[in-house]
Amino acid sequence: MGYSAYAEFLYFFFFAPIFLTCLVLLVSAALRKRPRQCLSMLLTLAAFIGASWALLKNEGTIRPSIRWLLWSSRFKAEVLAQPAPITGELKHCEWEATGFAGVANVNIYLVFDPTDSLAVAAKRHLPGKFNGINSEVLRVLRLESHWYAVTFYTDEWWGQREGPSCE
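Written out as structure tokens, the structure is:
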């Protein structure tokens with residue numbers, strides 16, 4: 657989750673083989689008539705399914721937190737090194753972009769807000785137009801004081817696509 661925005665691929669290549677292995681071991685224990693081993697594998701499988709479902713369902717919240725925890729110092733340095741914007745915009749860089757071949761692109765920007773004016777938007781989880789951001793946004797997520805992940809609507813981005821990037 658910390659490296660890729662495509663959790664479905666992680667699920668397919670990592671979680672699916674583990675699930676299938678547990679399922680094979682469960683069937684094997686059942687065929688060999690070992691009730692304790694069968695119960696153990698069944699509980700393991702249930703726990704695995706529950707944990708992987710929770711991770712996949714909450715990936716949109718967990719992933720930014722993991723990325724921020726691992727690489728916040730690098731991201732902060734890159735954004736703070738930018739010159740002060742003349743237009744009154746907040747300092748920002750493209751933090752993540754997903755999509756394929758120009759279709760269904762979702763852009764997330766890392767935003768430095770020295771006044772924490774985005775705090776209310778982050779608490780309310782409502783889309784809107786906010787001071788210092790030139791377009792309406794879908795979601796604002798607070799990473800820590802003064803730092804936010806701002807998700808734009810599909811196929812929309814901040815200014816020009818060639819803007820600053822944290823990648």
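Using my numbering, you'd call the opening residue of the sequence shown number 657 and step up by one each time. By construction, the Cβ of each residue, glycine as well, lies at the ideal position given by its N, Cα and C atoms. Nothing here was measured: the structure is a model prediction, and the numbers come from that model.
- [ ] List the endpoints of the continuous beta strand (DSSP E) containing Arg-692.
- [x] Not the beta strand (DSSP E): Arg-692 falls in the alpha helix (DSSP H), residues 691-713.
Open item on the list: For the structure I just gave you, are there three or more beta carbon pairs, one from the region 777-794 and one from the region 728-735, closer than 8 angstroms?
Closed with: no
Task: Cβ-based burial, Lys-689 [other Cβ within 10 Å; buried from 16] - done: Residue environment: Lys-689 is assigned as exposed (fewer than 16 neighbouring CB atoms within 10 Å of its CB, all protein chains considered).
- [ ] Put Ala-835 into one of helix, strand or coil per three-state DSSP.
- [x] The requested residue 835 is not part of the displayed model; the chain covers only 657 to 823.
Open item on the list: Our contact map puts Trp-814 next to Tyr-765 with C-beta atoms below 8 angstroms; I'd like the distance itself, whole angstroms only.
Closed with: 5 angstroms
Task: Residue from Thr-807, Gly-716, Ser-696 and Gly-744 whose Cα sits closest to the Cα of Val-762 - done: Thr-807
TODO: Classify Glu-800 as buried or exposed, calling it buried when 16 or more other Cβ atoms lie within 10 Å of its own Cβ.
DONE: exposed
Open item on the list: Classify Pro-673: buried if its beta carbon has 16 or more other beta carbons within 10 angstroms, exposed otherwise.
Closed with: Exposed.
TODO: Count the other CB atoms, across all protein chains shown, that sit within 10 Å of the CB of Ala-777; report buried if there are 16 or more and exposed otherwise.
DONE: buried
Open item on the list: Do Met-697 and Leu-676 count as a contact pair if the criterion is CB distance below 7 angstroms?
Closed with: no
Task: Pairwise C-alpha distance: Thr-700 and Ala-710 - done: One Cα belongs to Ala-710, the other to Thr-700, and the distance between them is close to 15 angstroms.
Open item on the list: Rounded to whole angstroms, what is the Cα-Cα separation between Leu-693 and Phe-668?
Closed with: Per the sequence shown, the amino acid found at residue 693 is Gln instead of Leu. Cα to Cα, the separation comes out at about 26 angstroms.
TODO: Could you check if Phe-670 is buried or exposed, using at least 16 other CB atoms within 10 Å of its CB as the buried criterion?
DONE: Flag for Phe-670 reads exposed.
TODO: Quick one: residues in its chain with C-beta nearer than 7 angstroms to the C-beta of His-802, no 5 flanking neighbours on either side, listed in chain order?
DONE: Phe-768, Asp-769, Pro-770 and Asp-772
Open item on the list: Between which two residues does the beta strand (DSSP E) holding Ala-760 run?
Closed with: 759-768
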